[in-house]
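Undergrad: Taken in sequence, the protein lines are chains B and U.
Numbering of the first sequence is given in full-length UniProt numbering, commencing with residue 1 and proceeding in unit increments.
Numbering of the second sequence is given in full-length UniProt numbering, commencing with residue 1 and proceeding in unit increments.
Cβ atoms here follow ideal geometry from the backbone N, Cα and C, with glycine treated the same way.
Protein chains: 2
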Amino acid sequence: MPRHRITQADVAAMAGVSQATVSFVLNDSTPAGVRISEETRQRVLDAIRITGYSANPVAQRLAGGHNQILGVFTYEATFPRAGRDFYGPFLVGIEHAAEKLGIDILLFTSARVVDGRRRLTRDGWQRLGIADGCLLLGQHEDRGELQHLLDTNYPFVFIGKRGSDGGRLPYVGADYVTATARQVERLVTLGHERIGYVGPRGTDQPTLDRVDAYRATMKAHGLTVRFVELDDVAATAAEIVDQRLTAVVVAPENYPEELVDELERRDVRVPEDVSFLLLGQPHHGRPGGRRWSGFSIPREEMGARALVLLSRLVAADTGPTRSGRRATRGLTVPEDELHQLLECVDVDGETVAAPPARRRAAAPVRPAAPARPAPATAPGV
Amino acid sequence: MPRHRITQADVAAMAGVSQATVSFVLNDSTPAGVRISEETRQRVLDAIRITGYSANPVAQRLAGGHNQILGVFTYEATFPRAGRDFYGPFLVGIEHAAEKLGIDILLFTSARVVDGRRRLTRDGWQRLGIADGCLLLGQHEDRGELQHLLDTNYPFVFIGKRGSDGGRLPYVGADYVTATARQVERLVTLGHERIGYVGPRGTDQPTLDRVDAYRATMKAHGLTVRFVELDDVAATAAEIVDQRLTAVVVAPENYPEELVDELERRDVRVPEDVSFLLLGQPHHGRPGGRRWSGFSIPREEMGARALVLLSRLVAADTGPTRSGRRATRGLTVPEDELHQLLECVDVDGETVAAPPARRRAAAPVRPAAPARPAPATAPGV
DNA sequence: TCAACGCGATAATACGCATTATTACGCCGG
DNA sequence: CCGGCGTAATAATGCGTATTATCGCGTTGA
């Protein structure tokens, strides 16, 4: 066990060549006018094998190379609970892919938190450079930061679809549009007509996609769209009752559990009186929570795919060479890999049923339904 | 926006001083015979403020300094599911602490997997150097690796108590001994006498601690110890019945769910006929799983505490200076911080009750108990 | 005979920072 | 007038690698 790490110089000495030669052999590159004879190449390789040399990633990076580290930056300040629950599955996918690719993952947890979300300040930005590239998770707004990213040509991939603001930005997202449309179709097929959309009207991409799909599908069936925007849970529940909705599709970020509680407090049963379809997994799951119907986002796969994409982008990039010319290596990443939308998978829970027989809100007095209603048992189907 | 990152040289130019001076001011250190006047100090600080300079962590590290990155190495190959479930809470704590301390977390996911577990090969070892120090999660065996760690004086902290093999190794663990003893006491207080220990007889520290505590507590009450070692679930269940146990303390790593299923298949009810106390959270939780009684390990806090400890160790170390003398900086970490045992917290679930009235295994015919048994309802208490 | 050229490889440099060695200057005592 | 000392800082070096510029030498064509 040598007391100091084995360097290329050590290997070089053993092989009787120069450090540069070792570097060339390692990188398997002969940059314009450098030849290495097969014989010395072998000699160097032997020396590497014997010494057990392995590159120092730090030096590698400083010298402008790649170091097999990819960063993960989450905009939302995550903890203590909600965040981890949401990002966890992404990370599982990311780590899984990283393991396969022999890549280490750097979590940028040090970034300053401003107004409850992490910022890519000049400080944070500088730190990104430690890694070959970076995965960006979560919604964010700052245009300037994005521009900076693009300017410097630093490799990165968003997890979550990017809309109008940056068609150029590489991302791996979930296909909310198709998935949402499928949910509405499902309700229509069951016979629902008064189908509402419950959720905030933000400008984030998931919301836009969900609303668009809802609107389009309803229109396709000649049904009236009915939006219920959340102020507080009680008001929302009241609105659902008032509008005599028999089904709602619900954005998952707004405490659907509480909403259903509130409805049941008003003697409205789910799903007998009102069906609930969740457009994504609930963000704030309760331990004994109900089994929602709707769809789920393939978070693990998104994470994995994003990492793979990023590693390809990195490979296609020469890295921050001092000469400044970050020419692509010929390996260009095809356009259709740059923007990936993954299918969501439908979830059959226990919150969907055919609409009640009578169109008007049913009388509060009705026989108690079994805990897990078999659709056949529901009256009038 | 300058196209290249701002370096100390840039700052130096602006302040009209040398790069070295900037470095000194930044590190707030005047190494033996170097004086910086208050006036130039301010000038440099101003320049730093104006330029928005922030150190390049890679260069920092290469030059032998610290870079505010701490590594996390997990021995167990984790995915797809079980691992994340187990390590997740630790990571939550780790990240939380890291955020507070302004530290980034590097997950060493690239390490080679040999025989189902990650190894700190020469390769992996070299990579550790990227970070200032490293957290080690999970059981492992290789003595050589440990020795190497100690030899090189690389700062690290284990999560999970280290026993005989390395009293010198810094760790943050859970107090299995006290917690296990408490569980046995709990059963004794309820009137149990035939209390078994179900679990493997490994040599890992958690097992040793649990077994010791079980043995000691039983002895203190003059009760006979009864070990049930798992081969397969059916055999274990049979053994529990044969030995007419009224309660068992169970190591959580061995599918207690399945065991209870098997018992109920034999008309043995939990907890009416047999109480189950879990010595830690179940490793393989089922979604709709039962609410176990027992104790839970404060994983988040362990993660957080370990990270804080590690950062202190790093601070107390001058880092890998080329001069080779890694003298402590005067800041020594006190012994009692080097080895921390955290209290486990008792969990009141639904798997414990007083022993059945009759000593012999009760007749299979007995009234069905309510789903969540109130101890008062249990017959014969 | 000599420039040109291909081959094989090395020397030199830069990356950005920490650290060690060295310098410049003014002042004091002898 | 000079050596010595304290102050304030700078020059120089090294970390380990990637890359660029350069070199020595034998062969070849003119």
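When you check each C-beta in the stretch 81 to 114 of chain U against every C-beta of chain B, which residues fall closer than 7 Å?
TA: Listed by position, the residues of the stretch 81 to 114 of chain U near chain B (Cβ gap below 7 Å) are R84, G88, V92, E95, H96, A98, E99, G102, I103, D104, I105, L106, L107, F108, T109, S110.
Undergrad: Here's a check: name, in chain order, each residue in its chain whose Cβ is nearer than 8 Å to the Cβ of T207 of chain U, leaving out the five neighbours to either side.
TA: Hits under 8 Å: G199, P200, R201, A251.
Undergrad: Helix, strand or coil for Q243 of chain U per DSSP?
TA: Of the three classes helix, strand and coil, the one that applies to Q243 of chain U here is coil, per DSSP.
Undergrad: Is P155 of chain B helix, strand or coil by DSSP?
TA: Looking at P155 of chain B - three-state DSSP - the assignment turns out to be coil, as it is neither helix nor strand.
Undergrad: Check whether the stretch 233 to 244 of chain B and the stretch 209 to 216 of chain B are in contact - that is, three or more C-beta pairs closer than 8 Å.
TA: These segments do not touch.
Undergrad: So which residues on chain U does L62 of chain B lean against when the C-beta distance must stay under 7 Å?
TA: V58, A59, L62, listed in chain order.
Undergrad: Can you have a look at A304 of chain B and say buried or exposed, based on whether 16 or more other CB atoms are within 10 angstroms of its CB?
TA: Looking at its Cβ environment, which holds 16 or more other Cβ atoms inside 10 Å, A304 of chain B is buried.
Undergrad: I want to verify the contact list: residues of chain B whose CB lies under 9 Å from the CB of residue 445 of chain U, in sequence order.
TA: There is no way to answer for residue 445 of chain U, as the model of chain U reaches only from 1 to 381.
Undergrad: Could you tell me how far apart the beta carbons of V22 of chain B and V44 of chain B are, in whole angstroms, since I believe they sit closer than 8 Å?
TA: The pair is a contact, with the Cβ atoms about 6 Å apart (cut-off 8 Å).
Undergrad: Is the beta carbon of R156 of chain B less than 8 Å from the beta carbon of G133 of chain B?
TA: It should be pointed out that residue 156 of chain B corresponds to Phe in this sequence rather than to Arg. Yes, Cβ-Cβ distance for F156 of chain B and G133 of chain B is below 8 Å.
Undergrad: Taking only beta-carbon positions, decide if residue 391 of chain B is within less than 8 Å of chain U.
TA: Here chain B has residues from 1 to 381 only, and residue 391 of chain B is not among them.
Undergrad: Would you list, in sequence order, the uninterrupted alpha helix (DSSP H) runs of no fewer than 4 residues that lie entirely inside the stretch 128 to 154 of chain U?
TA: With a minimum length of 4 residues, the continuous alpha helix (DSSP H) runs that stay inside the stretch 128 to 154 of chain U are 143 to 152.
Undergrad: Just to confirm my understanding: we take I103 of chain B, look at its own chain, exclude 5 residues before and 5 after, and list those with CB closer than 6 Å. What are they?
TA: If we look at I103 of chain B and ignore the five residues flanking it on each side, its Cβ neighbours are Q68, L70.
Undergrad: Cβ closer than 8 Å: which chain B residues qualify as neighbours of R5 of chain U?
TA: Per Cβ cutoff of 8 Å: Q126, G129.
Undergrad: Determine, using beta-carbon pairs with one atom in the stretch 288 to 302 of chain B and one in the stretch 137 to 151 of chain B, whether at least three such pairs fall under 8 Å.
TA: As far as the Cβ criterion goes, the stretch 288 to 302 of chain B does not touch the stretch 137 to 151 of chain B, which means the pair count is below three.
Undergrad: Can you tell me whether N56 of chain B is buried or exposed, with buried defined as 16 or more other CB within 10 angstroms of its CB?
TA: Result: buried.
Undergrad: Would you mind working out which of B:G64, B:A98, B:Q60 sits nearest residue 434 of chain B, comparing C-alpha positions?
TA: No answer is possible for residue 434 of chain B: it lies beyond the span of chain B, which begins at 1 and ends at 381.
Undergrad: To the nearest angstrom, how far is the alpha carbon of S18 of chain B from that of V34 of chain B?
TA: Cα to Cα, S18 of chain B sits roughly 13 Å from V34 of chain B.
Undergrad: Nearer than 7 Å: is that true of the beta carbon of R119 of chain U relative to any heavy atom of the ligand ATP?
TA: Only the bare structure without any ligand can be found here, which leaves the ligand ATP out of the picture.
Undergrad: Does DSSP classify L309 of chain B as helix, strand or coil?
TA: The answer is helix: DSSP assigns L309 of chain B an H, G or I state.
Undergrad: Could you check if P334 of chain U is buried or exposed, using at least 16 other CB atoms within 10 Å of its CB as the buried criterion?
TA: Exposed: under 16 other Cβ atoms inside 10 Å.
Undergrad: Tell me, which residues are paired with L70 of chain B by DSSP?
TA: DSSP lists B:I105, B:G133 as partners of L70 of chain B.
Undergrad: I'd like the list of long-range same chain contacts for I105 of chain B, defined as Cβ closer than 7 Å, with 5 residues on each side in sequence excluded.
TA: Hits under 7 Å: L70, V72, I94, E95, A98.
Undergrad: Within the chosen definition, does the stretch 266 to 279 of chain U reach the stretch 219 to 230 of chain U through at least 3 CB pairs nearer than 8 Å?
TA: The answer is no - the stretch 219 to 230 of chain U does not touch the stretch 266 to 279 of chain U, with fewer than three Cβ pairs under 8 Å.
Undergrad: Give a yes or no on whether the C-beta atoms belonging to V177 of chain U and L277 of chain U are separated by under 8 Å.
TA: Cβ atoms of V177 of chain U and L277 of chain U: not closer than 8 Å.
Undergrad: Please report how far the alpha carbon of E193 of chain U lies from the alpha carbon of G129 of chain U, in whole angstroms.
TA: Each residue's alpha carbon lies about 54 Å from the other.
Undergrad: Could you tell me if H221 of chain B is buried or exposed, where buried requires 16 or more neighbouring beta carbons within 10 angstroms of its beta carbon?
TA: Classification for H221 of chain B: exposed.
Undergrad: Run the CB neighbour count on V11 of chain B, radius 10 Å, all protein chains shown included, and call it buried at 16 or more, exposed below.
TA: When all chains shown are included, V11 of chain B counts as buried.
Undergrad: How many whole angstroms separate the CB atoms of V233 of chain U and E258 of chain U, which I take to be in contact at a CB cut-off of 8 Å?
TA: Their Cβ separation, rounded to whole angstroms, is 5 Å, which keeps V233 of chain U and E258 of chain U in contact under 8 Å.
Undergrad: Only counting the same chain, and skipping five residues up and downstream in sequence, which positions put a Cβ closer than 6 Å to that of Y53 of chain B?
TA: Answer for Y53 of chain B: I6, V11, listed in chain order.
Undergrad: Spatial neighbours of T321 of chain U within its chain, please: C-beta separation below 7 Å, excluding the five flanking residues on both sides.
TA: Its pLDDT being 48, under 50, T321 of chain U is placed unreliably by the model, and nothing is read from it.
Undergrad: With DSSP run on the structure shown, which of helix, strand or coil describes E39 of chain B?
TA: Correct three-state label for E39 of chain B: helix.
Undergrad: Under 6 Å Cβ to Cβ from L187 of chain U, same chain only, skipping five residues before and after it: list those, please.
TA: These residues qualify, in order along the chain: I195, A247.
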